[in-house]
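Student:
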Amino acid sequence: MDNINDNGILYIVATPIGNLEDITLRAIKVLKEVDVIVAEDTRHTLKLLNHFEISKPLISYHRHNEDVKSDVLIEKLQSGQNLALVSDAGTPGICDPGEEIIKRCIDYGINIVPIPGACAMINALICSGISTREFSFLGFLPLNKKLRKCKLEEIGNSNKTIIIYEAPHKIVTTLKDLKQVLDSDRKVVLAREITKIYEEFIRGNIDDLIDMSESLKGEIVLIIEGSDKHIKDNELNNLTLEEHYKFYEQQGFIKKDIIKKIAKDRNLNKNEVYKKFL
Ligand code: SAM
18 MDNINDNGIL YIVATPIGNL EDITLRAIKV LKEVDVIVAE DTRHTLKLLN
68 HFEISKPLIS YHRHNEDVKS DVLIEKLQSG QNLALVSDAG TPGICDPGEE
118 IIKRCIDYGI NIVPIPGACA MINALICSGI STREFSFLGF LPLNKKLRKC
168 KLEEIGNSNK TIIIYEAPHK IVTTLKDLKQ VLDSDRKVVL AREITKIYEE
218 FIRGNIDDLI DMSESLKGEI VLIIEGSDKH IKDNELNNLT LEEHYKFYEQ
268 QGFIKKDIIK KIAKDRNLNK NEVYKKFL
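Residue numbers (my numbering): 18 to 295.
1. Go through its chain and collect everything with a Cβ distance to Q95's Cβ below 6 Å, but skip five positions before and after it.
2. Using a Cβ-based criterion (distance less than 8 Å to any ligand heavy atom), does R220 qualify as near the ligand SAM?
3. What's the C-alpha gap between V189 and E289?
4. Using 10 angstroms around the beta-carbon of V103, count the other beta-carbons present and answer buried if the total reaches 16, otherwise exposed.
5. Among the residues of its own chain, which have a CB less than 8 Å from the CB of L169, if the five just before and after it don't count?
6. For R220, list the residues DSSP reports as bridge partners.
7. Just to confirm the assignment, what range does the beta strand (DSSP E) spanning V130 have?
8. Whose C-beta lies closer than 8 Å to the C-beta of I132 among residues of the same chain, with five residues either side of it excluded?
9. Over what stretch of residues does the alpha helix (DSSP H) that includes V51 continue unbroken?
10. Assuming contact is defined by CB atoms lying nearer than 9 Å, are I111 and S153 in contact in what I supplied?
11. Would you say Q267 and D245 are within 9 Å of each other, going by their C-beta atoms?
12. Closer than 8 Å: is that where the CB of I212 sits relative to any heavy atom of the ligand SAM?
13. So, does the region 48-67 touch the region 76-83, judging by three or more C-beta pairs under 8 Å?
14. Starting from S77, follow its DSSP beta bridges and name the residues at the other end.
15. Give the C-beta separation of A208 and C144 to the nearest angstrom, bearing in mind that I take them to be a contact with Cβ-Cβ under 8 Å.
16. To the nearest angstrom, report how far apart I171 and D39 are at their CA atoms.
17. What's the call for M229, buried or exposed, on a 16-neighbour Cβ count within 10 Å?
18. Return yes when at least one heavy atom of the ligand SAM lies under 8 Å from the C-beta of A184, else no.
19. For the region 81-95 against the region 118-129, do three or more pairs of beta-carbon atoms, one drawn from each stretch, fall closer than 8 Å, so that the two count as touching?
20. Could you have a look at T257 and say whether DSSP puts it in helix, strand or coil?
21. Is L158 helix, strand or coil when you go by DSSP?
22. Using the Cβ count rule (16 or more neighbours within 10 Å means buried), how would you classify C122?
23. Count the other CB atoms within 10 Å of the CB of L295; is the residue buried (16 or more) or exposed (fewer)?
24. Taking the beta carbon of H261 as the centre, do at least 16 other beta carbons fall within 10 Å, making it buried, or is it exposed?
In structure tokens, the structure reads:
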């Protein structure tokens, strides 16, 4: 790509989240061409680079040295070197280091170029079967009690699909916390080990997931269906039947489920609603 000044370019390069075949041709090309690769854990990235026979100088850049290392990286970029930022897995900046250096580069007028690829939350979402129209990605839930309570309440009231990252040793606690705020009719999908040998999508409600989460291992993303409580209480019954239908259709529900939901919201017989939409 053409540069707008003499500075180098910072490439933000997504790497696989499990299956190495998910690296893109462009990612390999950029990693081979840059002057330096900036990695979250250099030992981890070295394995990836060895696999693709890429040999480049590596600089470590992680949560605990972001501030100091940003200065070093900016200097290199200002001297015209091109850098590639990678994280241990997936897309840098998504629950991984990246935000800080990107902000600094913008301040210094340095070009930032995305090299798209795997991201756990997007792949969990698209296979969840839960609406992809509007969603909130919350990353990891806070551990601080007060902040966690606020986030849980937000999830309980959200009418958007919610996406959460969680570590396997904390999943049982997190699911039990979620049970306090989720109605049993809200769908929850646990996506585990995406792109790896034991990849699985466990679909159910919060109770179903608690029942089977004790022995879960591996990396996990939770997808939670949005609540229709708020809209239902305030607005749904003021809509025409057609608008009511469209409301659920836009959330990705199929006809059979929409009819069930409308009948329940309006306290009508399911067959009556069905006939109206024949
Ligand atoms: N930057 C990464 C991305 O683009 O998805 C996320 C990094 S974050 C530190 C790590 C978390 O992402 C894990 O705890 C898990 O919640 C999720 N994750 C990463 N890889 C995964 C996979 N293969 N399957 C399921 N979840 C995954």
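Glycine included, each C-beta is placed from N, C-alpha and C at the ideal position.
Only a predicted model underlies this, so the values are computations on that prediction, with no experimental measurement involved.
Tutor: Per the coordinate set shown:
1. Closer than 6 Å at Cβ, skipping near neighbours: N24.
2. no
3. 42 Å
4. Counting the other CB atoms within 10 Å of its CB gives V103 a total of 16 or more, which places it among the buried residues.
5. Hits under 8 Å: L158, D194, L195, Q197 and V198.
6. V206
7. N128 to I132
8. Y28, I29, V30, A31, T41, R43, A44, V47 and A101
9. Unbroken run through V51: none, as it is neither H nor E.
10. No.
11. no
12. At residue 212 the sequence reads Thr, which differs from the Ile that was named. Flag set: Cβ of T212 near the ligand SAM.
13. Verdict: yes, contact present.
14. Bridge partners of S77: A56.
15. 7 Å
16. One point to set straight first is that residue 171 is Glu, not Ile, in the sequence displayed. Approximately 34 Å, taken between the alpha carbons.
17. Classification for M229: exposed.
18. Answer for A184: yes, Cβ within range of the ligand SAM.
19. yes
20. coil
21. Coil.
22. buried
23. exposed
24. buried
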